[in-house]
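Worksheet for the structure shown next.
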Amino acid sequence: MSNVKKAEGKLGVMVVGLGAVTSTFMTGVLMARKGLAKPVGSMTQYDKIRVGEGENKKYLKYNEIVPIADLNDIVFGAWDVYPANAYESAINAEVLKEKDINPVKEELEAIKPLKAAFDKNYAARLDGDNVKQCKDRWDMAQQIREDIRKFKEENGVDRVVVLWAASTEVYVPVDEKIHGTVEALEAAMKADDKEHIAPSMCYAYAALKEGAPFIMGAPNTTVDIPAMWQLAEETKMPIAGKDFKTGQTLVKSGFAPIIGTRCLGLSGWFSTNILGNRDGLVLDEPANFRTKEVSKLSTLESILVPEEQPDLYTDYYHKVRINYYPPRNDNKEGWDNIDIFGWMGYPMQIKINFLCRDSILAAPLCLDLVLLSDLAARSGRYGIQRFLSFFLKSPMHDYTKGEVPVNHLFQQYVMLKNAIREMGGYKADELID
Ligand SMILES: NC(=O)c1ccc[n+]([C@@H]2O[C@H](COP(=O)([O-])OP(=O)(O)OC[C@H]3O[C@@H](n4cnc5c(N)ncnc54)[C@H](O)[C@@H]3O)[C@@H](O)[C@H]2O)c1
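Residue numbering for the sequence shown follows the working numbering, starting at 426 and increasing by one per position.
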């Protein structure tokens with residue numbers, strides 16, 4: 426039997442960034458609550474996992490194995506640089522049709538963004554004025570902590586999860602001297618070290634300090650630093666990241682195993698995209714794209730590993746491009762050209778053309794990451810949550826202990842299923858379902 430604490434009371438979901446992804450996520454949850462839409466793509470709402478063996482084998486939905494919070498118990502909050510409420514944001518984003526937004530207009534209008542903890546140097550293309558005045562980075566974190574406390578009080582919520590679905594920040598390389606320990610991180614915040622302390626780090630710090638799990642949905646360095654893992658251990662809070670695995674990288678992490686499993690060779694993989702939403706605009710800035718590139722490139726390296734199969738995977742050329750192209754808005758188009766080789770080295774090509782919808786793919790991940798982080802917290806799991814790698818492009822792992830990320834989609838799925846089984850009081854296993 427599961428010994429996880431029940432999901433009693435309301436669950437506060439505070440999202441950093443109230444743009445295309447967040448407004449699509451919120452609208453979908455509110456519509457599903459009214460029975461007016463289906464949360465398609467969400468593992469926590471649809472997937473069934475086998476538990477038990479032989480005669481005792483059963484396929485159960487997640488909430489039949491572990492206590493998952495009910496969609497009716499979610500209360501949304503948000504921060505954004507722009508003052509638009511969730512309804513205005515959903516309309517502006519043009520992801521959903523008005524007929525799919527209007528039935529929950531009132532609920533969406535009530536979600537007004539709190540002032541953002543923001544620094545223009547981290548996203549030069551944004552220009553909103555719904556921004557906190559902060560003395561220094563320490564003050565920034567304290568103001569966010571205050572927001573979380575107030576939100577809990579005003580909404581009668583005792584559990585909160587904080588999810589980053591805000592723009593990608595410029596690339597912040599890890600600096601052990603500053604990011605290595607909580608003490609060093611706090612000292613840098615107090616010294617107002619703007620270069621090493623991104624606003625996202627202040628959100629993550631504040632969330633963990635307030636006893637809220639933190640999830641990083643963008644490729645920012647935020648959670649990839651030992652100081653944040655130490656803080657998550659100290660506060661006994663789950664932490665997960667980074668970068669929602671939605672379109673092209675989902676395809677890559679599902680398709681690369683075909684090449685690897687059949688011992689075919691790879692000489693090159695070129696991925697390019699066109700995208701016209703605000704995310705695309707921010708990523709058009711080279712310093713912001715760098716953050717995304719690092720995250721996107723890491724996927725193949727741990728699935729098709731040159732050191733393990735030098736004949737097949739040495740020196741393959743891997744390139745990822747994102748091009749800002751306004752006419753397509755949120756409807757991203759991705760092309761993958763894959764040069765493989767087979768028997769006696771003879772070359773072949775595979776082309777994949779994915780016409781996807783970015784926020785439609787990201788919304789169910791937001792829901793699953795939020796619900797599963799809350800579950801993890803109630804089950805006493807804290808620190809890096811590797812079982813959430815399934816949802817993320819560049820999964821967190823403790824590189825100081827020699828851990829490597831698991832990017833292979835089907836291995837990630839085994840990790841996810843086993844974590845649910847264990848939290849449900851069943852044995853983790855790798856039997857064929
Ligand atoms: N949609 C996808 O498929 C996908 C996949 C992976 C990652 N992501 C990431 O998710 C994030 C959100 O994507 P989107 O399409 O909703 O972008 P968006 O531009 O529509 O929304 C982001 C919002 O964040 C706000 N913001 C920026 N900095 C902030 C701060 N410091 N505090 C509060 N708000 C802030 C912006 O004002 C904006 O409204 C991006 O970082 C994107 O890279 C999206």
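Every residue, glycine too, gets a C-beta built ideally from N, C-alpha and C.
Compute every distance between the C-beta of residue i and the non-hydrogen atoms of ligand 1, then say whether any falls below 7 Å.
{"i": "N702", "result": "yes"}
{"i": "F779", "result": "no"}
{"i": "Y484", "result": "no"}
{"i": "T593", "result": "yes"}
{"i": "L551", "result": "yes"}
{"i": "R786", "result": "Contrary to the premise, residue 786 reads as Leu rather than Arg in this sequence. For ligand 1, at least one heavy atom lies less than 7 Å from the Cβ of L786."}
{"i": "L443", "result": "yes"}
{"i": "F835", "result": "no"}
{"i": "F543", "result": "yes"}
{"i": "D761", "result": "no"}
{"i": "D793", "result": "no"}
{"i": "G672", "result": "yes"}
{"i": "T392", "result": "Here the chain covers residues 426 to 858 and nothing more, so residue 392 does not appear."}
{"i": "G642", "result": "yes"}
{"i": "P624", "result": "yes"}
{"i": "F669", "result": "yes"}
{"i": "Y507", "result": "yes"}
{"i": "A515", "result": "no"}
{"i": "V707", "result": "yes"}
{"i": "T447", "result": "yes"}
{"i": "W563", "result": "no"}
{"i": "W504", "result": "yes"}
{"i": "A566", "result": "no"}
{"i": "A902", "result": "No information on residue 902 is available, as it lies outside the stretch 426 to 858 that the chain covers here."}
{"i": "A590", "result": "yes"}
{"i": "A665", "result": "no"}
{"i": "D472", "result": "no"}
{"i": "D783", "result": "yes"}
{"i": "A629", "result": "no"}
{"i": "A548", "result": "yes"}
{"i": "A844", "result": "no"}
{"i": "E457", "result": "Per the sequence shown, the amino acid found at residue 457 is Ala instead of Glu. It does not: the Cβ of A457 is nowhere closer than 7 Å to a heavy atom of ligand 1."}
{"i": "A632", "result": "no"}
How many angstroms separate the CA atom of residue i from the CA atom of residue j?
{"i": "I747", "j": "L708", "result": "8 Å"}
{"i": "G827", "j": "L834", "result": "21 Å"}
{"i": "P830", "j": "S819", "result": "8 Å"}
{"i": "L817", "j": "T646", "result": "14 Å"}
{"i": "G642", "j": "G805", "result": "23 Å"}
{"i": "K430", "j": "P492", "result": "8 Å"}
{"i": "I490", "j": "T674", "result": "29 Å"}
{"i": "W694", "j": "L729", "result": "12 Å"}
{"i": "K744", "j": "K677", "result": "12 Å"}
{"i": "L780", "j": "K602", "result": "43 Å"}
{"i": "D793", "j": "G770", "result": "42 Å"}
{"i": "S448", "j": "E855", "result": "37 Å"}
{"i": "R475", "j": "Q836", "result": "16 Å"}
{"i": "A445", "j": "N756", "result": "11 Å"}
{"i": "E726", "j": "L521", "result": "36 Å"}
{"i": "A515", "j": "I526", "result": "7 Å"}
{"i": "P815", "j": "D561", "result": "For clarity, residue 815 is Phe in the given sequence; the question names Pro instead. The straight-line gap from Cα to Cα measures roughly 36 Å."}
{"i": "S625", "j": "K842", "result": "30 Å"}
{"i": "C559", "j": "T739", "result": "49 Å"}
{"i": "W563", "j": "C627", "result": "8 Å"}
{"i": "F450", "j": "D572", "result": "21 Å"}
{"i": "L737", "j": "T671", "result": "27 Å"}
{"i": "D704", "j": "P751", "result": "11 Å"}
{"i": "L539", "j": "I499", "result": "18 Å"}
Verify whether the separation of the beta carbon atoms of residue i and residue j is less than 8 Å.
{"i": "A801", "j": "P663", "result": "yes"}
{"i": "A548", "j": "M565", "result": "no"}
{"i": "P651", "j": "T452", "result": "no"}
{"i": "E635", "j": "R574", "result": "yes"}
{"i": "A629", "j": "V599", "result": "no"}
{"i": "Y741", "j": "S696", "result": "no"}
{"i": "D544", "j": "K619", "result": "yes"}
{"i": "T593", "j": "N517", "result": "no"}
{"i": "L722", "j": "A494", "result": "no"}
{"i": "A623", "j": "I569", "result": "no"}
Go ahead and label residue i buried or exposed: buried means 16 or more other beta carbons lie within 10 angstroms of its beta carbon, across all protein chains shown.
{"i": "M773", "result": "exposed"}
{"i": "N702", "result": "buried"}
{"i": "V465", "result": "exposed"}
{"i": "G685", "result": "buried"}
{"i": "G502", "result": "buried"}
{"i": "C688", "result": "exposed"}
{"i": "P644", "result": "buried"}
{"i": "I683", "result": "exposed"}
{"i": "N546", "result": "exposed"}
{"i": "W589", "result": "buried"}
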